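Each residue of the sequence shown is one higher than the one before, counting from 1391 in the working numbering.
Backbone N, C-alpha and C fix where the C-beta goes; we use that ideal spot for every residue, glycine too.
Given the structure is predicted, the values throughout are model-derived calculations rather than measurements.
Inspection log for the structure reproduced underneath, given as structure tokens.
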Amino acid sequence: FEPCGLNQMYSMAYGTIPIVHETGGLLDSVDPWDPDARTGTGFRFSPHTTDALAGALDRALDAWHDPEARERLVANGMARDDSWDARVSEYVAVYERAGG
1391 FEPCGLNQMY
1401 SMAYGTIPIV
1411 HETGGLLDSV
1421 DPWDPDARTG
1431 TGFRFSPHTT
1441 DALAGALDRA
1451 LDAWHDPEAR
1461 ERLVANGMAR
1471 DDSWDARVSE
1481 YVAVYERAGG
């Protein structure tokens, strides 16, 4: 269960690396870390089990012990623009496609 999906966005803005269950706004706003490409903003897991959570924690700890990976994860999260300014053009495009 995920009530609104804002806390992870606030956290990333301040340099926290999220570990989240793949649901709702958490799935939409936390991009999975790819250690080879150095992309992503955090760690996601599914299904909602202790084993899946443990796997996400293991991946997070691997990144945490790699200073370059940890710095990249923090920078990726802090670089996100979740402001309304960034979303306005997306909403305008949907409205125009709908015939507005």
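* Asked: Do you know how far the Cα of Val-1410 is from the Cα of Leu-1396?
  -> Locating residue 1396 in the sequence shown gives position 6, where the first residue counts as 1. Locating residue 1410 in the sequence shown gives position 20, where the first residue counts as 1. Those two C-alpha atoms are separated by around 12 Å.
* Can you list, in chain order, the stretches of the beta strand (DSSP E) that have 3 or more residues and sit fully within the segment 1403-1427? -> 1409-1411
* Proximity below 9 Å, CB of Leu-1451 to CB of Gly-1432 -> Position 61 of the sequence shown holds residue 1451. Position 42 of the sequence shown holds residue 1432. Cβ atoms of Leu-1451 and Gly-1432: not closer than 9 Å.
* What separation, rounded to the nearest whole angstrom, lies between the Cα atoms of Phe-1435 and Asp-1475? -> The residue given as residue 1435 occupies position 45 in the sequence shown. The residue given as residue 1475 occupies position 85 in the sequence shown. Cα to Cα, the separation comes out at about 30 Å.
* **Delimiting residues of the alpha helix (DSSP H) encompassing Arg-1460** => Against the sequence shown, residue 1460 aligns to sequence position 70. Segment 1457-1469, the alpha helix (DSSP H) holding Arg-1460.
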